[in-house]
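J.: In the numbering used here, the protein residues as written are 13 to 146.
Think of the CB as a built atom: it goes at the ideal place given N, C-alpha and C, for glycine as much as any other residue.
Provided herewith is a single structure, encoded as structure tokens, for subsequent inquiry.
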């Protein structure tokens, strides 16, 4: 016996007050991370509190320059909320100095490629980080 399945969609309101600088930065073309002043841990996306030593003494750092792609995945099936996408897309993690940044690929990239990061709105108006070859 089976129960008929049904589609469930969840919407989450994410409180961003403590990391609002990150979202404002994306609108200004800047990408920020945070560094814990107590233990030196680095976070991107930024965190308001250190998950290593639990300190709240964080410093904001602008991330830029040239990065190197460390890993990526190409998505061919679209999760709930991304049905507006019509083509497969690639999400990558690139190292920019001490920070690992996650972003969407604007073009075909591979592990080891040098990239630059830029910010832009997606098709739904949400600001994101995008990578293109350096």
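Pull the bridge partners of residue 86 from the DSSP assignment, please.
T.: 102, per the DSSP bridge assignment.
J.: Let me confirm a value: residue 44 is counted as buried when at least 16 other C-beta atoms fall within 10 Å, else exposed. Which label applies?
T.: So residue 44 counts as buried.
J.: So which of 105, 59 and 17 has the shortest CA-CA distance to residue 121?
T.: Selected option, being the one with the closest Cα: 105.
J.: Kindly indicate which three-state DSSP category residue 64 falls into: helix, strand or coil?
T.: Coil.
J.: Within the stretch 107-138, note down every full beta strand (DSSP E) run reaching 3 residues or more, in order along the chain.
T.: The stretch 107-138 contains these whole beta strand (DSSP E) runs: 111-117 and 126-133.
J.: Ordered along the chain, which non-local residues of its own chain (more than five positions away) have a Cβ less than 7 Å from that of residue 99?
T.: For residue 99, where only same-chain residues beyond five positions count, there are no Cβ hits under 7 Å.
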